[in-house]
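Same order as they appear, the protein sequences are chains L and D. Okay, so the first sequence: first residue is 994 according to my numbering, each after it adds one. Okay, so the second sequence: first residue is 994 according to my numbering, each after it adds one. Where is the CB? At the ideal position from N, CA and C, for every residue including glycine.
2 protein chains.
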Amino acid sequence: MTVNTAQASGTADHKEQHLLEEAVERLKEKGLRLTEQRQAVLDAVVANRDQHLSCEDVVGIIKHSKPGIGQATVYRTLSLLEKMGLLFKSDLDDDCVRHYELCLQDEEAHCHLICLECGLVAEVKEDLLNTLEDRLHTKNDFVIVNRSLKFYGYCKQCAHQTGRE
Amino acid sequence: MTVNTAQASGTADHKEQHLLEEAVERLKEKGLRLTEQRQAVLDAVVANRDQHLSCEDVVGIIKHSKPGIGQATVYRTLSLLEKMGLLFKSDLDDDCVRHYELCLQDEEAHCHLICLECGLVAEVKEDLLNTLEDRLHTKNDFVIVNRSLKFYGYCKQCAHQTGRE
DNA sequence: TTAATTGCAAATGGTTTGCAATATT
DNA sequence: AATATTGCAAACCATTTGCAATTAA
């Protein structure tokens, strides 16, 4: 639904390579198997690592390589990979559809400004976020791996028009 | 499910009073009516303004005052109030259950630390957030009304146990 | 052989919708 | 009278689950 092309985003770099190896390793640790289906799902997520994929998306992507794969298998695999810490559930909103993204650590923190009037979504990088995360780490002994930071309000235009400044 | 007592959180203060008035006003503007059912839903949300209420929660809360109210009505009302800007959809969660909270401006910013291992959700107040919001305001001309700040990672215990520190 | 995995189809569960009955302006 | 609103039940739809068949160790 949301996603267009399959192997879109190019080749896997160091991180993805490491991720794949870790996947195999962690599966083996628990006596689980890296089946063709699981491999296909992993490949799809890595190839589209800049996207937030739904189960339906993944099925669409691997339709060619694994035409007969069952939805349930994809659901189970995504859930499994998430529990293993390789994927994140990302909640980019509104509906009930679950989306996943690759769990690549050490990404630079950013946040979204979401206008309640016009719906504008602006992505903002703020170096203060690093300071904030450092402090959350040291003061709460919490190891941050990912974040979802959304600020709701009114963009310049809408704030002006609706007199909310 | 999530919520225990009904009129728990005490009397409405200035902000809630203002909110109720605004609700009536905005409804009238659009030729909509403040029915008993809508009033009951609003009351429930205001009385539990420190909670994130699901539809089921609301039904439970107003069971006494409006025993015969239909689920659909509550769903429709919550959705309506959200579109009017009086409620926020808050997505603190795993499941597909939609939760709402009162849209009270100028609340003190906080964020949630969510452990990917054990599921712990810790609410943290950080004064640095105010600085951050100030900066988002001045640098982006964005008027912040609410925020959803979630940091995912590993709590002290789990980080230790899984060797991710 | 034993245990994990899959695909299918049925079940689940929160949410939405069609519609006739009711209430409000 | 015209329109908004409600309650009910059915429909929806993403996700989960039971289970028998299949596959890998």
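request  = Report yes or no: do three or more beta-carbon pairs, one from the region 1059 to 1073 of chain L and one from the region 1104 to 1117 of chain L, lie closer than 8 Å?
outcome  = With fewer than three CB-CB distances shorter than 8 Å, the region 1059 to 1073 of chain L does not count as touching the region 1104 to 1117 of chain L.
Rounded C-alpha distance that separates LEU1079/D from GLN1030/L = Here the C-alpha atom of LEU1079/D lies approximately 46 Å from the C-alpha atom of GLN1030/L.
message = When you compare the CB of ASN1123/L with every CB in chain D, is at least one pair closer than 8 Å?
response = Cβ-Cβ to chain D under 8 Å: no for ASN1123/L.
message = At the level of alpha carbons, what is the spacing between GLY1003/D and GLU1009/D?
response = Here GLY1003/D scores only 47 on pLDDT, less than 50, and its place in the model should not be relied on; the value that follows carries that caveat. Distance between the alpha carbons of GLY1003/D and GLU1009/D is about 11 Å.
task = Evaluate GLY1146/D with the Cβ neighbour count: other Cβ atoms within 10 Å of its Cβ, from every protein chain shown; 16 or more gives buried, anything less gives exposed.
result = Of the other Cβ atoms in all chains shown, 16 or more fall within 10 Å of the Cβ of GLY1146/D; this residue is therefore buried.
message = Could you check whether the region 1011 to 1019 of chain L touches the region 1032 to 1052 of chain L, counting it as contact only if at least three pairs of C-beta atoms, one from each stretch, sit closer than 8 Å?
response = As far as the Cβ criterion goes, the region 1011 to 1019 of chain L touches the region 1032 to 1052 of chain L, which means the pair count is three or higher.
message = DSSP has ALA1115/D in a bridge; who is on the other side?
response = DSSP, once it has assigned bridges, lists LEU1106/D as partnering ALA1115/D.
inquiry  = Among the candidates LEU1025/L, GLU1094/L, HIS1105/L, ASN1133/L, whose CA atom is the shortest distance from the CA of ARG1042/L?
reply    = Per the Cα distances, GLU1094/L.
inquiry  = Distance check for LYS1143/D and ASP1088/D, CA to CA, integer angstroms please.
reply    = One C-alpha to the other measures close to 16 Å.
query = For CYS1148/L, which residues from the same chain have a beta carbon less than 6 Å from its beta carbon, with the 5 sequence-adjacent residues on both sides left out?
reply = Cβ-Cβ distances below 6 Å link CYS1148/L to CYS1108, LEU1113 in the same chain, with the five nearest sequence neighbours on each side left out; the list follows chain order.
request  = Give me the Cα-Cα distance between ASP1164/D and GLY1053/L, rounded to the nearest whole angstrom.
outcome  = This structure leaves residue 1164/D out entirely; chain D is present only between 994 and 1158.
request  = Compare the C-beta of CYS1111/L with all C-beta atoms of chain D and state if any pair is closer than 8 Å.
outcome  = For CYS1111/L, no CB of chain D lies under 8 Å from its own CB, so it is not counted at the interface with that chain.
request  = Mark ARG1091/D as exposed unless 16 or more other C-beta atoms lie within 10 angstroms of its C-beta, in which case mark it buried.
outcome  = Counting Cβ neighbours within 10 Å, ARG1091/D comes out buried, since at least 16 surround it.
ask   = Looking at the C-beta of ASN943/L, does it have a partner C-beta in chain D at a distance below 8 Å?
value = With chain L covering only 994 through 1158, there is no way to say anything about residue 943/L.
message = With the cut-off set at 8 Å, would you say LEU1125/D and LEU1025/L are in Cβ contact?
response = Contact: no.
key: Contact list for the region 1003 to 1036 of chain L against chain D, Cβ threshold 9 Å   = Residues of the region 1003 to 1036 of chain L with a C-beta less than 9 Å from any C-beta of chain D: none at all.
query = In chain order, what residues of the region 1134 to 1146 of chain L put their CB closer than 7 Å to some CB of chain D?
reply = Here the close residues are ASP1134, PHE1135, VAL1136, ILE1137, VAL1138, ASN1139, ARG1140, SER1141, LEU1142, LYS1143, PHE1144, TYR1145, GLY1146.
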